[in-house]
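Chemist:
There are 2 protein chains.
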Amino acid sequence: MSTATSHFTPPARYTVDPSLAHRRATAVVTVRGADGAPLADADVVVEQTNHEFLFGNIGFELVAHANRLAAGEPTDQYDETFAERWFDLFNQVTLPFYWGTFEPVEGAPRTQELLTAARWFAERDVVVKGHPLVWHTVQPRWLLGKPLEEVERLQRERIRRDTADFAGVVDLWDAINEVVIMPVFTAEENGITPLARAKGRVETIRMAFEEARAVNPGATLLLNDFDMSTAYECLIEAVLEAGITIDRLGLQSHQHQGYWGREKTLRILDRFSRYNIPIHMTETTLLSGEPMPKHIVDLNDWQVASWPSTPEGEQRQADEIEEWYRTLLSHPQVEAITYWGLGDRGMWLGAPGGLLREDATPKPSYDRLHALVKGEWWTPPTTLRTDAAGRVDVTGFRGEYRVSAAGSCAGFTLATDAGDAEVTLTTAR
Amino acid sequence: MSTATSHFTPPARYTVDPSLAHRRATAVVTVRGADGAPLADADVVVEQTNHEFLFGNIGFELVAHANRLAAGEPTDQYDETFAERWFDLFNQVTLPFYWGTFEPVEGAPRTQELLTAARWFAERDVVVKGHPLVWHTVQPRWLLGKPLEEVERLQRERIRRDTADFAGVVDLWDAINEVVIMPVFTAEENGITPLARAKGRVETIRMAFEEARAVNPGATLLLNDFDMSTAYECLIEAVLEAGITIDRLGLQSHQHQGYWGREKTLRILDRFSRYNIPIHMTETTLLSGEPMPKHIVDLNDWQVASWPSTPEGEQRQADEIEEWYRTLLSHPQVEAITYWGLGDRGMWLGAPGGLLREDATPKPSYDRLHALVKGEWWTPPTTLRTDAAGRVDVTGFRGEYRVSAAGSCAGFTLATDAGDAEVTLTTAR
Chain A
1 MSTATSHFTP
11 PARYTVDPSL
21 AHRRATAVVT
31 VRGADGAPLA
41 DADVVVEQTN
51 HEFLFGNIGF
61 ELVAHANRLA
71 AGEPTDQYDE
81 TFAERWFDLF
91 NQVTLPFYWG
101 TFEPVEGAPR
111 TQELLTAARW
121 FAERDVVVKG
131 HPLVWHTVQP
141 RWLLGKPLEE
151 VERLQRERIR
161 RDTADFAGVV
171 DLWDAINEVV
181 IMPVFTAEEN
191 GITPLARAKG
201 RVETIRMAFE
211 EARAVNPGAT
221 LLLNDFDMST
231 AYECLIEAVL
241 EAGITIDRLG
251 LQSHQHQGYW
261 GREKTLRILD
271 RFSRYNIPIH
281 MTETTLLSGE
291 PMPKHIVDLN
301 DWQVASWPST
311 PEGEQRQADE
321 IEEWYRTLLS
331 HPQVEAITYW
341 GLGDRGMWLG
351 APGGLLREDA
361 TPKPSYDRLH
371 ALVKGEWWTP
381 PTTLRTDAAG
391 RVDVTGFRGE
401 YRVSAAGSCA
411 GFTLATDAGD
421 AEVTLTTAR
Chain B
1 MSTATSHFTP
11 PARYTVDPSL
21 AHRRATAVVT
31 VRGADGAPLA
41 DADVVVEQTN
51 HEFLFGNIGF
61 ELVAHANRLA
71 AGEPTDQYDE
81 TFAERWFDLF
91 NQVTLPFYWG
101 TFEPVEGAPR
111 TQELLTAARW
121 FAERDVVVKG
131 HPLVWHTVQP
141 RWLLGKPLEE
151 VERLQRERIR
161 RDTADFAGVV
171 DLWDAINEVV
181 IMPVFTAEEN
191 GITPLARAKG
201 RVETIRMAFE
211 EARAVNPGAT
221 LLLNDFDMST
231 AYECLIEAVL
241 EAGITIDRLG
251 LQSHQHQGYW
261 GREKTLRILD
271 RFSRYNIPIH
281 MTETTLLSGE
291 PMPKHIVDLN
301 DWQVASWPST
311 PEGEQRQADE
321 IEEWYRTLLS
331 HPQVEAITYW
341 GLGDRGMWLG
351 APGGLLREDA
361 TPKPSYDRLH
371 ALVKGEWWTP
381 PTTLRTDAAG
391 RVDVTGFRGE
401 YRVSAAGSCA
411 GFTLATDAGD
421 AEVTLTTAR
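Protein chains in written order, with the UniProt record's numbering: chain A, 1 to 429; chain B, 1 to 429.
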């Protein structure tokens, strides 16, 4: 009856700050020329190149596109436009590792295809997340009917194989998804629910985390769930009590039944931030059409022939998107928001939740989010004058920056306040 | 990261048996006279005197009555009738140990009054349960504003004091109540919610169990909740994972918003029995009037001037009571059902959930339950003939029995099959 392994810590107080001061930093940057001498009293151009905050989206549709590009095959115009808009706004991608579609035939995983896509994103300074290593839906048919011990062995092997195969490219994983419902899930026969029921939720989570950690000790592993009730709190406390380290807490936030609003969102953040684990809002959907009726419990049960985006809906969605991002960034524990789909073509459930219309033109929500991420919260190329010691003060959103002068440039990171930087400009970039 | 302390065990399969065969036992009883010789070829009368199964009710109103009796003060006719009907049906009582009413003035607990009542029940072969040692409502005002460390110290002391003072009379406790909501409870300022938030649910539960266990190691301790969602499952798994032994799992079952029905009840039992911990249905209410609207979340929010029992409601309640008890007894993991109030006078929320009307006359539900507990499931005085070795076969519901012949008698327990008994009749009883 030891409490020695409990990772539960008394909740800290987090100050919600709509000014987002906690997202910004200031540094004194000393700029040196290629010769090492300070570039005194000179004009330099400082610009931001990336955000520390993860503005994410899924990249499911781009897997095939990236593979066509890699194979030198012709690409689709829609995909080209889609990809361009994708990279113009996002710096984190979630790629699909659903066991049932990743390895539809036992022993023949789509490793190469996903690796090609993952590398394509990573080369573009996008943080790649794999989703998910353990879940009870989108499961392989071939897992059904196997004894529990065999299911567990195969599940453990699959975690080790995929975290190993993708290490260095995918170092961020939803280790396990939707465990609250996992052992009592009844909508679909699958191999994982009986395993979770027999092992219990906590040991099922331990299995996911320990296997992924064993192969990729540097990976950032999430516990992810859609259940925002006290059930998820109890599950987190169970996991902490069991001495399992959750690197990040994943909160889904599909809002097909209506936008949560600022108050509810902050209430949820207050409850889940008390575990002192950084929060990723892993799956956000906000509609530009009619909401799904409230009486639907499992969102998958809402099957409609057509679910159109409407002009009023597009305006509302833009307002909600802006408030949603502002609200989440105002809470210091949130470090990532992954939107669940970019274009209405191919959205989950056929919902009009994209930021682009069916034809890839931007909805107001896309422009509104862009105006924040690459506008209000972004430092465009800005001319600054160095002092006699070659120094400039740079203040901006935390992230990656570039300073350039006379055809030479160098990068630096704006991370914490008073984090001064020394950069030496080089022509090679 | 040791799993050594986890008390999670793979779920067993429990067979639901409406014939209640698992509630019965058979024994060969050898009856001897006062001289020790077998009572051969003789008529003996066998009768049941108690059930092993706990058919419980609260005894809140009888606390004052028991104290008046003990003090030799005049009693009320209603209370006399109420008490008579109480003891004619129930063998387990839940007494109120709400901290706020038990110790309204710091240092002046109502120990003597409750002890008098508890003993009064215990002397009548009633198992006495204390409810609850830790909870966040009905809290003392004087606890407010104290620092967390002080609240914890006082809470620990109160558990030790009361479990010690009542040991031997009250050995069954709701150690802690409604922990799922405890740290996020907002309806009422109290001293316990902030403590639960800071310690976390699991360590709050550990506090309750370890203090009670330290003082009364033989006590049977329950974790009790009204939340039948996956949240309670997750909490139980957290507690098992933390190596805390839950002796019995308490499931409240206030059905003010409508009877659960057989199917839902069995589904709940299936989910909660998988922890291999015997289940007590600790707080049952079934109405003989209109149900509370479904949109009410906290039942305490439903405040009505009048909530009448109706003739149709009384018939429905009787049917529901019968099905409810039959269903629960059909599941082998259930070992207690505590109904939450006997008479409509003084029911929680003023609900018409009593088995007696305001004037203490029995509703059909009382008679229906009586016909089960003291009829169909009960062995009345029955004449049996011993064989040449003084033996009779006795089959019946598990519990306490008495055999008598020619003015002498002896008791025996019908507990497990093939549990034969030897009894020696004595005149003294």
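Note that the Cβ used here is the ideal one computed from N, Cα and C, for glycine as well.
(1) Taking DSSP as the reference, what is the three-state secondary structure of K264/A?
(2) For S273/B, decide whether its Cβ has a neighbour in chain A, counting only Cβ atoms nearer than 7 Å.
(3) Mind listing which residues of the segment 167 to 188 of chain A have their C-beta closer than 7 Å to chain D's C-betas, in chain order?
(4) Within 7 Å of any Cβ in chain B, is that where the Cβ of R201/A sits?
(5) Indicate whether at least one CB of chain B lies closer than 7 Å to the CB of E400/A.
(6) Tell me which residues share the same chain as S2/B and place their Cβ nearer than 6 Å to its Cβ, disregarding the 5 neighbours each side in the sequence.
(7) Using the Cα positions of A42/B and A388/B, report the straight-line distance between them to the nearest angstrom.
(8) If we cut at 7 Å on Cβ distances, does A231/A have a partner in chain B?
(9) Under 7 Å between the Cβ atoms of I181/B and F209/B?
(10) Return the residue from the list A40/A, L240/A and A122/A that minimises the CA-CA distance to A167/A.
(11) Which whole-angstrom value is the C-beta distance of T284/A and W348/A, which I expect to be below 8 Å?
(12) From S309/B to L251/B, what distance separates their C-alpha atoms?
(13) Please check if any C-beta of chain A sits within less than 7 Å of the C-beta of T352/B.
(14) Can you give me the Cβ contacts of residue 447/A inside the same chain, cut-off strictly under 6 Å, excluding the 5 residues immediately before and after it?
(15) For Y339/A, does the three-state DSSP call read helix, strand or coil?
(16) May I ask you to list, following chain order, the residues of the segment 232 to 258 of chain A that have a beta carbon less than 9 Å from some beta carbon of chain B?
(17) Mind listing, in chain order, the continuous alpha helix (DSSP H) runs of no fewer than 4 residues lying wholly within the segment 183 to 242 of chain A?
(18) How about E237/B and A175/A: do their beta carbons lie closer than 7 Å?
(19) Within this structure, are the beta carbons of E61/A and G289/A separated by less than 7 Å?
(20) Closest by CA to W324/B, which one among F97/B, H22/B and S365/B?
(21) Applying a beta-carbon distance threshold of less than 8 Å, which residues of chain A neighbour P11/B?
(22) Ignore the nearest five residues each way along the sequence and tell me which others in E189/A's own chain have a CB closer than 7 Å to its CB.
(23) Which of the three DSSP states is assigned to A64/B in this structure?
(24) What does Q48/B pair with, by DSSP beta-bridge criteria?
(25) Per DSSP, what kind of secondary structure is S2/B in: helix, strand or coil?
(26) So what does H256/A bridge to, in DSSP terms?
(27) Looking at the secondary structure, which residues open and close the alpha helix (DSSP H) in which K311/A lies?
(28) Exposed or buried, which one is S253/A when buried takes at least 16 other CB atoms within 10 Å?
(29) Thinking just about the alpha-carbon of each residue, which of A66/A, D88/A, R119/A and Y78/A is nearest to the one in G375/A?
(30) Kindly give me the distance between the Cβ atoms of M292/B and Q257/B, rounded to whole angstroms, as I take these residues to be in contact under 8 Å.
(31) Whole angstroms is fine: what's the gap from A70/B's alpha carbon to T116/B's?
(32) Are the Cβ atoms of H136/B and T193/B separated by less than 7 Å?
(33) Pick helix, strand or coil for R24/A, following the three-state DSSP scheme.
(34) Quick one, which of E152/A, F82/A and E400/A has its alpha-carbon nearest H65/A's?
(35) Would you say Q226/B faces chain A, with C-beta separation under 7 Å as the test?
(36) May I ask whether a heavy atom of the ligand SAH can be found less than 6 Å away from the beta carbon of M292/A?
Modeler: In short:
(1) Counting from one through the first sequence, the residue named residue 264/A turns up at place 264. Residue state, collapsed to three classes: helix.
(2) Translated into the one-based positions of the second sequence, residue 273/B becomes position 273. No, its Cβ sits nowhere closer than 7 Å to a Cβ of chain A.
(3) Absent here is chain D; the protein component of the structure consists of chains A and B.
(4) If you number the first sequence from 1, residue 201/A lands on position 201. True, the Cβ-Cβ gap to chain B drops below 7 Å.
(5) Taking the first residue of the first sequence as position 1, residue 400/A is located at position 400. Not one chain B Cβ lies under 7 Å of E400/A.
(6) Taking the second sequence and counting its residues from 1, one reaches residue 2/B at position 2. Confidence at S2/B is low in this model, with a pLDDT of 38, below 50, so its placement is unreliable and the value that follows should be read with caution. There are no such residues.
(7) To locate residue 42/B, count along the second sequence from 1; it is residue 42. To locate residue 388/B, count along the second sequence from 1; it is residue 388. Whole-angstrom Cα-Cα distance: 9 Å.
(8) Walking along the first sequence from the start, residue 231/A turns up at place 231. Interface residue, yes.
(9) Looking up residue 181/B in the second sequence gives position 181. Looking up residue 209/B in the second sequence gives position 209. Taking 7 Å as the Cβ cut-off, I181/B and F209/B do not qualify as a contacting pair.
(10) The residue given as residue 167/A occupies position 167 in the first sequence. When only C-alpha atoms are compared, the closest one is A122/A.
(11) Taking the first sequence and counting its residues from 1, the one referred to as residue 284/A is at position 284. Taking the first sequence and counting its residues from 1, the one referred to as residue 348/A is at position 348. That belief does not hold up - the Cβ atoms of T284/A and W348/A are roughly 12 Å apart, past 8 Å.
(12) If you number the second sequence from 1, residue 309/B lands on position 309. If you number the second sequence from 1, residue 251/B lands on position 251. Roughly 26 Å separates the two Cα atoms.
(13) Residue numbering aside, residue 352/B sits at position 352 when the second sequence is read from its first letter. A small correction: the amino acid at residue 352/B is Pro; Thr does not occupy that position in the sequence shown. No, its Cβ sits nowhere closer than 7 Å to a Cβ of chain A.
(14) A query on residue 447/A cannot be resolved here, the shown segment of chain A reaching from 1 to 429 and no further.
(15) Taking the first residue of the first sequence as position 1, residue 339/A is located at position 339. If DSSP states are grouped into helix, strand and coil, Y339/A belongs with the strands.
(16) Y232, E233, C234, L235, I236, E237, A238, V239, L240, E241, A242, G243, I244 and T245
(17) 192 to 199, 201 to 215 and 230 to 241
(18) The residue you call residue 237/B lines up with position 237 of the second sequence. The residue you call residue 175/A lines up with position 175 of the first sequence. The answer is no: Cβ separation not under 7 Å.
(19) Translated into positions along the first sequence, residue 61/A becomes position 61. Translated into positions along the first sequence, residue 289/A becomes position 289. Not a contact, by the Cβ cut-off of 7 Å.
(20) Sequence index remark: in the second sequence, residue 324/B carries index 324 (1-based). Among F97/B, H22/B and S365/B, the Cα nearest to that of W324/B is on S365/B.
(21) As a first step, residue 11/B must be located in the second sequence, where it is residue number 11. Going along chain A in sequence order, the residues near P11/B (Cβ under 8 Å) are R197 and A198.
(22) On the first sequence, position 189 is the one that residue 189/A refers to. Result list for E189/A: L144, in chain order.
(23) Counted from its first residue, the second sequence places residue 64/B at position 64. Three-state result, A64/B: helix.
(24) As a first step, residue 48/B must be located in the second sequence, where it is residue number 48. Answer is Y401/B, bridged to Q48/B.
(25) The residue labelled residue 2/B in the question sits at position 2 within the second sequence. Because S2/B sits at a pLDDT of 38, beneath the cut-off of 50, its placement in the model cannot be relied upon, and the following sentence gives the value as read from the coordinates. Residue state, collapsed to three classes: coil.
(26) The sequence position of residue 256/A within the first sequence is 256, counting from 1. Paired residues: none, contrary to the question.
(27) Residue 311/A sits at position 311 when you count from the first residue of the first sequence. For the record, residue 311/A in the displayed sequence is Pro; it is not Lys. P311/A -> alpha helix (DSSP H) spans P311 to S330.
(28) Stepping through the first sequence from its first residue, residue 253/A is reached at position 253. Its Cβ being crowded by 16 or more others within 10 Å, S253/A is buried.
(29) Here residue 375/A refers to the residue found at position 375 when the first sequence is read from its first residue. Selected option, being the one with the closest Cα: D88/A.
(30) Along the second sequence, one-based indexing puts residue 292/B at 292. Along the second sequence, one-based indexing puts residue 257/B at 257. Contact flag correct, Cβ pair sits at about 5 Å.
(31) Residue mapping note: residue 70/B aligns to position 70 of the second sequence, counting from 1. Residue mapping note: residue 116/B aligns to position 116 of the second sequence, counting from 1. Cα to Cα, A70/B sits roughly 7 Å from T116/B.
(32) Position 136 of the second sequence, counted from the first residue, corresponds to residue 136/B. Position 193 of the second sequence, counted from the first residue, corresponds to residue 193/B. The answer is yes: Cβ separation under 7 Å.
(33) Against the first sequence, residue 24/A aligns to sequence position 24. R24/A falls in the strand class under three-state DSSP.
(34) Residue mapping note: residue 65/A aligns to position 65 of the first sequence, counting from 1. Measuring from the Cα of H65/A, the nearest candidate turns out to be F82/A.
(35) The residue labelled residue 226/B in the question sits at position 226 within the second sequence. Contrary to the premise, residue 226/B reads as Phe rather than Gln in this sequence. No, no contact with chain A.
(36) What this structure holds is no ligand at all, so the ligand SAH is not there to describe.
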